[in-house]
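Sequential numbering of the sequence shown, starting at 3, is according to the numbering used here.
In this text, a Cβ means the ideal position worked out from N, Cα and C, and glycines have one as well.
The structure displayed is predicted, hence computed values, not measured ones.
Worksheet: one structure, shown below.
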Amino acid sequence: MNELDTIQAALERLLDSVLHRLPFFATGLVCFAVGALLARLARAAVSRGGRRARLDPAFVGLIARIVSAAILVAALAVASVVIFPSLRWRDLVTGLGISSVAIGFALKDILQNFVAGVLLLWRRPFRIGDQIRSGEYEGTVEDIDVRATRIRTYDNELVVVPNGEVYTRGMIVRTAYGHRRVRLGVSISYFDDIDVDREVIRGALSRTEGVMTEPAPWVYVESLGATNVEITVHFWVEAHQANVLRVLDRAATAVKTALDEAGADVAFPRTVVLMEPTDAPRT
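Put into structure tokens, the structure is as follows:
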């Protein structure tokens, strides 16, 4: 009977403690529920404000999630203090500070990618649909989130590049300005007239579909080789990679055909051997 009395007394004390703490639990839950409601309202307000300001939807969504999470964390802290009155704000803040340092060291790479993702979404050096080159990867941007950038390569392969690498190593945005300059190398013979061949090349480019007339193509002598004259042709096309390759093929074909029709000498490698007479006796 003594053991049963002890158990009964312990259960009664536990019940009294629960009943005593019940109003605190209820108040804490109400505080957290109010915080969750405020978080949802704040997220909706940020989204509406971003749409009215015509900001990037991905960036607005990120800011809305951050604001919502901050409000939820604050509501949880308030509810914890209400439920456990002995818990002091100073102890809570100190504990959070120590924990944040430990978490920061453990999740350094993840946090770096997160910050880089925020900066990419905020500054928007490129957007979804742009064609970029980052490191050894090049293709079309399919998605940008807070952790990584997804690139579909020209070979139709998906590459997931961490935002930290994209932001710190730099990038080339191929479609940033809508048009790109393309380079085409042409070799002509030393026996040809450079000015005549230059005009033939310009005429061929003027008839090539996709080559922009403004800025006008630029044809110049780049170097004098051992057996030929190296001419470089620069012209402008619409910036997407598929169009660049298509127009480059047309331009190279048109230039070759035009030079052939004009009778230009093909710049084959040549070797000149000089034979000098000698009166030296044979041994």
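Fill in: Best match in V249, Y192, I65, L31 for proximity to I85 [C-alpha to C-alpha]
Looking only at V249, Y192, I65, L31, the smallest Cα-Cα distance to I85 is reached by L31.
Discussion item. Let's see if you can read the secondary structure: which residues bound the beta strand (DSSP E) around L186?
Written reply: 181-190
Practice prompt. Report, in whole angstroms, the separation of the C-beta atoms of L122 and N165, which I expect to be a contact under 8 Å.
Written response: 6 Å
Practice prompt. Could you check what DSSP says for I130 in three-state terms: helix, strand or coil?
Written response: Coil, per DSSP.
Worksheet entry | S208 classed as buried or exposed, judged by whether at least 16 other C-beta atoms fall within 10 angstroms | Exposed is the call here.
Fill in: Enclosing alpha helix (DSSP H) for Y169 [first to last residue]
165-171
Discussion item. Taking the beta strand (DSSP E) that V275 belongs to, which residues open and close that run?
Written reply: No beta strand (DSSP E) holds V275; DSSP gives it neither H nor E.
Fill in: Limits of the alpha helix (DSSP H) - the one that D197 falls within
196-208
Worksheet item: Do E144 and R176 have their C-beta atoms within less than 9 Å of each other?
Response: no
Worksheet item: Nearest-angstrom Cα distance between S82 and E240?
Response: 60 Å
Discussion item. Just to confirm, is the Cβ distance from R126 to F61 under 9 Å?
Written reply: yes
Fill in: D147, enclosing beta strand (DSSP E) - first and last residue
Per DSSP, D147 belongs to no beta strand (DSSP E) and is neither H nor E.
Worksheet entry | Three-state secondary structure assigned by DSSP to V175 | Residue state, collapsed to three classes: strand.
Worksheet item: What alpha helix (DSSP H) runs, 4 residues minimum, are completely inside the stretch 28-90?
Response: 59-85
Item to complete: Please classify E240: does DSSP put it in a helix, a strand, or coil?
Response: Correct three-state label for E240: strand.
Practice prompt. Would you kindly check if the distance between the Cβ of G212 and the Cβ of A260 is under 9 Å?
Written response: No. Outside cutoff.
Worksheet item: Helix, strand or coil: which one does DSSP assign to E138?
Response: It is coil, neither helix nor strand.
Practice prompt. Taking the CB atoms as reference points, tell me whether P59 and G52 lie closer together than 9 Å.
Written response: yes
Fill in: Span of the beta strand (DSSP E) around V221
Counting along the chain, the beta strand (DSSP E) containing V221 begins and ends at 220-226.
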